[in-house]
Amino acid sequence: MPYKEREISKMYYTMGEVSAMFDVNQSLIRFYEKEFDVLSPKKNKKGNRYFTPEDIENLKIIFHLIRDKGYTLQGAKDHLKNNMGSSKDHQRVIDSLENLKNFLLEVRDEL
């Protein structure tokens, strides 16, 4: 079995990359940036936003709360304010389960 390839991660993601990653309009990400204090992308002199991996993780949590669990914006803000640590742990579990699912699907397709 070949060596396990290391996942390449970037230090910063552009707004276009993030909107493609979540399959949403850029305006929605800008709106969430204004609404949620946990999102704070870096901006260059031109005003272009650059998201760190931590910002991406926070966006995943926000999208999970709003899309999957059906929270309102205020409910998601309150949940993040009170349960940020458990939300990050919960998101890590979801990510690892999605990776495991993708791996198992690849194995099934190879058989």
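Take the sequence shown: its letter number 6 is residue 5 in numbering that gives the first Met the number 0, and every next letter is one higher. In this text, a Cβ means the ideal position worked out from N, Cα and C, and glycines have one as well. None of these values were measured; they are calculated from a predicted model.
1) Which residue or residues does DSSP assign as beta-bridge partners of T71?
2) Which one of F35, D36, K42 and V92 has the shortest CA to CA distance from M14?
3) Leaving out the 5 sequence neighbours to the left and right, which residues in its chain are closer than 8 Å to F102 when beta-carbon positions are compared?
4) Could you tell me the boundaries of the beta strand (DSSP E) in which L31 lies?
5) Nearest-angstrom Cα distance between Y70 and F30?
6) Report the rounded CA-to-CA distance for Y49 versus S8, giving the unit in angstroms.
For this structure:
1) What you label residue 71 is simply residue 72 of the sequence shown in a count that begins at 1. Beta-bridge pairing links T71 to no other residue.
2) Taking the first residue of the sequence shown as position 1, residue 14 is located at position 15. It is K42 whose Cα lies nearest to the Cα of M14.
3) Walking along the sequence shown from the start, residue 102 turns up at place 103. Answer for F102: no residue qualifies.
4) The sequence position of residue 31 within the sequence shown is 32, counting from 1. The question names Leu, but residue 31 in the sequence shown is Tyr. From DSSP, Y31 is part of no beta strand (DSSP E) but of the alpha helix (DSSP H) over Q25 to E34.
5) One-based indexing of the sequence shown puts residue 70 at position 71. One-based indexing of the sequence shown puts residue 30 at position 31. Each residue's alpha carbon lies about 16 Å from the other.
6) As a first step, residue 49 must be located in the sequence shown, where it is residue number 50. As a first step, residue 8 must be located in the sequence shown, where it is residue number 9. Between Y49 and S8, the C-alpha separation is close to 14 Å.
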